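Novice: Here's a structure for you.
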Amino acid sequence: MEKQENNILNGIAYLCFIPYSSSSSSSTTSNNNTAENLTDNIQPKTKLNFDSQNNNNCDTTNKNTAITTDKNNDKNDYSSNNSYHWFQGIFISLPNKISYGLMGDTTESPPIPHPCCYPDKNNPPKFYNLTMIDYTTNRKTFIKYILQTGGDNISLSTDWEPDDFVLDEKIQKIKNNNPFFKFNTLSVKCNEEAVEFMKNYFPKLKPELSCIICIGNLEIEIKK
1 MEKQENNILN
11 GIAYLCFIPY
21 SSSSSSSTTS
31 NNNTAENLTD
41 NIQPKTKLNF
51 DSQNNNNCDT
61 TNKNTAITTD
71 KNNDKNDYSS
81 NNSYHWFQGI
91 FISLPNKISY
101 GLMGDTTESP
111 PIPHPCCYPD
121 KNNPPKFYNL
131 TMIDYTTNRK
141 TFIKYILQTG
151 GDNISLSTDW
161 EPDDFVLDEK
171 IQKIKNNNPF
181 FKFNTLSVKC
191 NEEAVEFMKN
201 YFPKLKPELS
211 CIICIGNLEI
221 EIKK
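Residues 1 to 224 (UniProt numbering) are what the sequence shown spells out, left to right.
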């Protein structure tokens, strides 16, 4: 019996990154931006428009204010991305334009980095565990240990170098059996632009200036 190949989905994703709550915030009582409050119904109330022939040209991107990716950006820059605690997202696979919900939460026990590879103990690499929801079947896909890099031009990937980390047997087994996931930011919305985007496409989240929206290409493996 031949082994079935897994499905590989490609498309565009809109990810809203939520920072750690500030202890000095005066609105903590009304803040619903926590992973625990997330429901399965996270589809946007406004339809996303995009060019299916060219993922780079998103109608939701304002070229005058969006922060575009910097090819010289250090992929190991963790100093500016460790403030984000979790993210909620929308993934649209192309060319069939099927919508999926995404939620990533920081891993409680991530792989331990080697000091020689990551000398800054104050800014260790960040890992997320991801849940993706297929709205048509209500099927969920779970992926662990997705590494975040790239500052505000965030990149997410399961394809990280295992030799850079101390991996116990459990983590190594999970990595070996993990579905593939890769996201690269093409543009970033921040400040007031991010707030307006959240109001339209993430209505269950409280719009905050500290959140950022990353728009980019996503590739994910769905195991059969």
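Each residue gets a CB set at the ideal place from its N, CA and C atoms; glycine is no exception.
What you are looking at is a predicted structure, and each value in this text was computed from that prediction instead of being measured.
(1) Using the C-alpha atoms, what's the distance from K121 back to E219?
(2) Going straight from the alpha carbon of E221 to that of T141, what length do you get?
(3) Check whether chain B comes within 8 Å of R139, counting only Cβ atoms and requiring the distance to be less than that.
(4) With three or more beta-carbon pairs closer than 8 Å as the criterion, would you say the segment 200-220 touches the segment 8-22?
(5) What residues in its chain sit with their C-beta under 6 Å from that of I110, if we drop five residues either side in the sequence?
(6) Using DSSP with H/G/I as helix, E/B as strand and the rest coil, what is F197?
(7) Assuming L156 contacts F180 (C-beta within less than 8 Å), just tell me the rounded distance between them.
(8) Report yes if the C-beta distance between I12 and L94 is below 8 Å; otherwise report no.
(9) With burial defined as no fewer than 16 other Cβ atoms inside 10 Å of the residue's Cβ, what is the status of C214: buried or exposed?
Specialist: Let's see:
(1) Sequence index remark: in the sequence shown, residue 219 carries index 219 (1-based). Sequence index remark: in the sequence shown, residue 121 carries index 121 (1-based). The alpha-carbon atoms of E219 and K121 are separated by roughly 31 Å.
(2) The residue given as residue 221 occupies position 221 in the sequence shown. The residue given as residue 141 occupies position 141 in the sequence shown. Whole-angstrom Cα-Cα distance: 9 Å.
(3) Looking for chain B here will not work: only one protein chain is present.
(4) These segments touch.
(5) What you label residue 110 is simply residue 110 of the sequence shown in a count that begins at 1. Before going on, a small fix: residue 110 reads as Pro here, not Ile. The answer, listed in chain order, is F127.
(6) Within the sequence shown, residue 197 is the residue found at index 197, counting from 1. F197 sits in a helix when the DSSP states are folded into three classes.
(7) For the purposes of this step, residue 156 is identified with residue 156 of the sequence shown, where counting begins at 1. For the purposes of this step, residue 180 is identified with residue 180 of the sequence shown, where counting begins at 1. Taking the Cβ atoms as the reference, L156 lies roughly 12 Å from F180, outside the contact range of under 8 Å.
(8) Here the question's residue 12 lines up with position 12 in the sequence shown. Here the question's residue 94 lines up with position 94 in the sequence shown. A contact, by the Cβ cut-off of 8 Å.
(9) In the sequence shown, residue 214 corresponds to position 214, counting from 1. With 16 or more other Cβ atoms within 10 Å, it is buried.
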